[in-house]
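Colleague: Have a look at this one.
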DNA sequence: GGTGTATTGTTCACATATTGATTATTCACA
DNA sequence: TGTGAATAATCAATATGTGAACAATACACC
């Protein structure tokens with residue numbers, strides 16, 4: 233069971249990387265972009281990202297550095313709390329997201345084509361339940 | 233869904249590492265030990281391990297090096313095929329496995345206590361089915 | 001036998017992730 | 001106001017994972 237999850241995780245990760253390679257980004261970077269894309273004002277701070285993405289904050293620093301270097305997001309100091317940093321999608325970042333979205337959707341399509349919708353719902357429910365076991369320490 | 237699997241994978245990995253730390257080994261090393269423990273003669277070669285563990289062979293080399301250094305397994309050249317290497321659990325390795333087994337079982341117990349046996353079977357079935365989607369490229 | 005090809009395991013260089021210490025700031029509270 | 005604890009982000013060191021090139025051996029085939 234543990235091995236099953238490990239394999240699945242690896243495959244998902246690798247497949248996503250393969251699809252994203254033409255755009256010069258990898259799966260973790262994609263995750264960050266998509267989380268910002270799904271946010272009011274396309275804006276988050278590093279610690280919110282760390283929570284949502286399940287990455288360590290040190291890792292977020294590295295990943296967002298790369299995204300900044302590529303001009304996909306922007307870093308600005310927060311006014312309300314000067315410890316915080318505000319990350320915002322740039323127009324360039326938005327354009328890129330919308331350009332790879334079709335390919336990503338096709339990937340997700342491919343990955344689920346053999347599963348009944350009912351199975352997917354069921355799987356998600358059980359995964360959540362299982363994960364709850366862990367969180368409850 | 234993808235994030236769910238990522239989180240779950242991470243939690244399983246981290247929890248196992250936490251339990252294993254007192255013995256000075258980590259989750260990947262534990263996996264290797266357990267695979268050998270579950271084998272006739274406590275013996276495998278690196279490529280079998282790589283397949284079973286889903287690690288790259290280069291990684292297996294590093295991990296088995298560490299286990300050799302710690303005296304938990306032994307490397308010997310294979311007679312039948314001189315390209316191959318035979319990895320065998322040492323008495324020391326066996327002793328260690330049997331010493332941490334109770335704690336590992338307790339961990340697994342904790343992780344599944346809230347799940348019905350039926351749910352676990354179902355979850356495993358769906359995960360396998362989902363994984364098949366990917367393998368079929 | 002000799003030759004080309006596949007397999008096994010290792011090594012090295014690089015990419016990616018985590019840990020622990022460090023800096024700057026905020027907050028609670030006397 | 002000043003002091004200590006908590007929080008946000010970063011940095012340097014280390015651990016972990018991967019890909020490409022390599023050496024040694026086996027195997028198929030003529």
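Protein chains in written order, with the working numbering: chain A, 233 to 369; chain B, 233 to 369. For glycine and all other residues, C-beta sits at the position ideal for the given N, C-alpha and C.
1. How big is the Cα-Cα spacing for residue 369 of chain B and residue 316 of chain A?
2. What would DSSP say about residue 305 of chain B, mapped onto helix, strand or coil?
3. Measuring CA to CA, which of B:323, B:339, B:295 is closest to residue 264 of chain B?
4. Reducing DSSP to helix, strand and coil, say where residue 369 of chain A ends up.
5. Identify the contact partners of residue 237 of chain B in chain A, using a Cβ-Cβ distance below 8 Å as the criterion.
6. Report the rounded CA-to-CA distance for residue 340 of chain B versus residue 321 of chain B, giving the unit in angstroms.
7. For residue 289 of chain B, I'd like the list of residues in its chain whose CB is within less than 8 Å of its CB, leaving aside the five on either flank, ordered along the chain.
8. Measure from the alpha carbon of residue 305 of chain A to the alpha carbon of each residue in A:268, A:355, A:365, then state which is nearest.
9. Give the interface partners of residue 271 of chain B over in chain A, defined as CB-CB distance under 9 Å, in chain order.
10. If we cut at 7 Å on Cβ distances, does residue 363 of chain A have a partner in chain B?
11. For residue 245 of chain B, which residues of its own chain have a beta-carbon under 7 Å away from its beta-carbon, when the five flanking residues on both sides are left out?
12. Evaluate contact between the stretch 354–361 of chain B and the stretch 350–362 of chain A, counting only Cβ atoms and requiring at least three cross-stretch pairs below 8 Å.
Modeller: According to the structure data:
1. By one-based count along the second chain, residue 369 of chain B stands at place 137. By one-based count along the first chain, residue 316 of chain A stands at place 84. Bear in mind that the predicted position of residue 369 of chain B carries a pLDDT of just 49, short of 50, making it too unreliable to give a figure here.
2. The count along the second chain starts at 1 and reaches residue 305 of chain B at position 73. If DSSP states are grouped into helix, strand and coil, residue 305 of chain B belongs with the strands.
3. Translated into the one-based positions of the second chain, residue 264 of chain B becomes position 32. Closest option to residue 264 of chain B, Cα to Cα, is B:295.
4. Within the first chain, residue 369 of chain A is the residue found at index 137, counting from 1. Confidence at residue 369 of chain A is low in this model, with a pLDDT of 48, below 50, so its placement is unreliable and the value that follows should be read with caution. Residue 369 of chain A carries a coil assignment under DSSP once its states are collapsed to helix, strand and coil.
5. In the second chain, the residue the question calls residue 237 of chain B occupies position 5. In chain order, 237, 240, 241, 244, 359 make up the part of chain A whose C-beta sits under 8 Å from the C-beta of residue 237 of chain B.
6. The residue labelled residue 340 of chain B in the question sits at position 108 within the second chain. The residue labelled residue 321 of chain B in the question sits at position 89 within the second chain. Those two C-alpha atoms are separated by around 24 Å.
7. For the purposes of this step, residue 289 of chain B is taken as residue 57 along the second chain, with counting starting at 1. If we look at residue 289 of chain B and ignore the five residues flanking it on each side, its Cβ neighbours are 278, 279, 282.
8. The residue you call residue 305 of chain A lines up with position 73 of the first chain. Measuring from the Cα of residue 305 of chain A, the nearest candidate turns out to be A:268.
9. Counting from one through the second chain, the residue named residue 271 of chain B turns up at place 39. Result: empty, since nearest Cβ-Cβ is about 15 Å, beyond 9 Å.
10. Numbered from its first residue, the first chain carries residue 363 of chain A at position 131. Closer than 7 Å: yes.
11. To locate residue 245 of chain B, count along the second chain from 1; it is residue 13. For residue 245 of chain B, the CB contacts under 7 Å within the same chain, skipping 5 residues up- and downstream, are 259 in chain order.
12. Touching, yes, given that three or more Cβ pairs across the two stretches are closer than 8 Å.
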